[in-house]
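In this note's numbering, the protein residues as written are 843 to 1171.
Note that the Cβ used here is the ideal one computed from N, Cα and C, for glycine as well.
From a predicted model like this one, the values you see are computed outputs, not experimental measurements.
Only one structure is covered here, and it is reproduced in the block below.
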C-alpha cells in the first residue's frame, strides 16, 4: 500500500517541551503535504485519489503507478527533511531551556560529567592532546542522489528554518511559503537519479560539495564548542584544544577494482582538494577585508605589522592602488 498523505500520529507527552516539538512537527508535515498536494492537483491530478488511499493500487496502469511512486518518493524526501528540521529545533529548545550541557552526546555533556566525577584538568588536557577524529569521505555505489537534488533539499530545509521565526507579517510569511512551494516544485521537476555512472572527477566534486555546503562551517563551530565546554566545566584552567578533527577521502585515490583511478586522476584530485581549501580561505579573507575597517588613528599599527603589510602589498603588483583605496585603514 502506498502511504496516504497525513500528518504522522505523534505520541502525547507530559513534557511540555516534547509536546511543543510534536505539535511543531505535525504543523510542518501538514504544511509540506498541503503544498505537495497543490502541485499534484496542478500537474498530476489523476494521482491524488491514489495518494489519499481512495484508489486501489491493483487498479493502476503502469504509467499511473510510476507517477504515483515518483510523488510518494518526493513525499518521503520531504518527511525526512521535516524530521531533521524538527529534531534540530528540539535540540535548540533544550539548549535554550536547560543548557547546552543537557544535550545528550555533546562534548559539553561529556566534559561536564567528567568534571562532576572528579576528573582533573590535567587528565582532560592529556586526552585532548591525544584525540584524533578522522572521518573518511567515500563515493558509495548505493548513493544515487545527485548534488543538484541535495542542494534543493538544503534549500527546503533552510526555508523551514526561516518559517520558524515569529517575526514575519502574514504577507512576509506567505512569501516564504510561496518560495517553499517553488522549491518543492523544482525538486519534483529535477531528475532525481544519475542516468549514467559518474566519472571519478564527478565523484570528487560530489565529495567536496559537503565541505563547501556544511563541513567548512560545522567543524570550526564544533571546535569552538569544545573550547567553551572545557572553559565552562573547568573555570580558571587554561586549555589549548588542538585541531583534532581532520578528514580523509577514498575518492580519486582508491584503486581497489577501479581502473579509472589513474596516477593523473589522483594528482588532479589532490590539487582540487587543495584548491577547494584555498578558495575557502580566499572567500573568508574577502569577508574580513570588508569587515575590518579599523582606522590607524584608533589603533596605531606596530612597525612589524607595517613592514609585513608592505611586503604583502608589493607581492600583489598593485600596491599603490590598494593602499589608496581606503587610506588610513
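- By DSSP's assignment, residue 1091 forms a beta bridge with 979.
- The stretch 870-886 and the stretch 1025-1040 touch, with three or more beta-carbon pairs separated by less than 8 Å.
- If you ignore the 5 residues before and after residue 994, its C-beta comes within less than 8 Å of the C-beta of 1025, 1028, 1029, 1032, all in its own chain and listed in chain order.
- Using a C-beta cut-off of 8 Å, the stretch 1082-1093 makes contact with the stretch 966-982, since at least three inter-stretch Cβ pairs fall below that distance.
- Taking a C-beta distance under 9 Å as the contact criterion, residue 878 and residue 916 qualify as a contact pair.
- Here residue 900 is exposed. Its C-beta has fewer than 16 other C-beta atoms within 10 Å.
- Between residue 1104 and residue 1112, the alpha-carbon positions lie close to 12 Å from each other.
- DSSP places residue 1098 in the coil class of the three-state scheme, outside both helix and strand.
- Taking C-beta separations shorter than 8 Å and ignoring five residues to either side along the sequence, the partners of residue 954 in its chain run 943, 1071, 1074, 1075, following chain order.
- Non-local C-beta neighbours of residue 890 in its own chain, meaning closer than 8 Å and more than five positions away in sequence, comprise 879, 882, 883, ordered along the chain.
- When the Cα atoms are used, residue 902 and residue 920 turn out to be separated by approximately 24 Å.
- In this structure, residue 977 sits away from residue 1099, with a CB-CB distance that is not shorter than 9 Å.
- Taking every protein chain shown into account, the CB of residue 1078 has fewer than 16 other CB atoms within 10 angstroms, so this residue is exposed.
- When the five nearest sequence neighbours on each side are left out, the beta carbons in the same chain lying within less than 7 Å of the beta carbon of residue 996 are those of 1055, in order along the chain.
- The residue from 1001, 1007, 1034, 927 with its alpha-carbon nearest to that of residue 1020 is 1001.
- Residue burial is scored here from C-beta neighbours: residue 1045 has at least 16 other C-beta atoms within 10 angstroms and is therefore classed as buried.
- DSSP places residue 862 in the helix class (H, G or I) of the three-state scheme.
- In this structure, residue 1138 lies away from residue 1162, with their beta-carbon atoms at least 9 Å apart.
- For residue 950, same chain residues with a beta-carbon under 6 Å away, outside a window of 5 residues either side, are 942, 943, 1071 in chain order.
- Just measuring C-alpha positions, the residue of 1088, 1039, 1136 sitting nearest residue 1060 is 1088.
- Following the DSSP letters along the chain, one finds residue 950 inside the alpha helix (DSSP H) bounded by residues 949-958.
- Beta-carbon to beta-carbon, residue 927 and residue 1003 are separated by about 7 Å, close enough to satisfy the 8 Å threshold.
- Our two residues, residue 1006 and residue 964, have alpha carbons roughly 43 Å apart in a direct line.
- Comparing alpha-carbon positions, the option among 1120, 939, 952, 1122 lying closest to residue 1068 turns out to be 952.
- Residue 945 is not a Cβ neighbour of residue 939, given a cutoff of 9 Å.
- Taking residue 974 as reference, the option from 904, 930, 1065, 895 with the minimal CA-CA separation is 1065.
- Its Cα nearest to that of residue 947, the residue 933 stands out among 909, 933, 1042, 1008.
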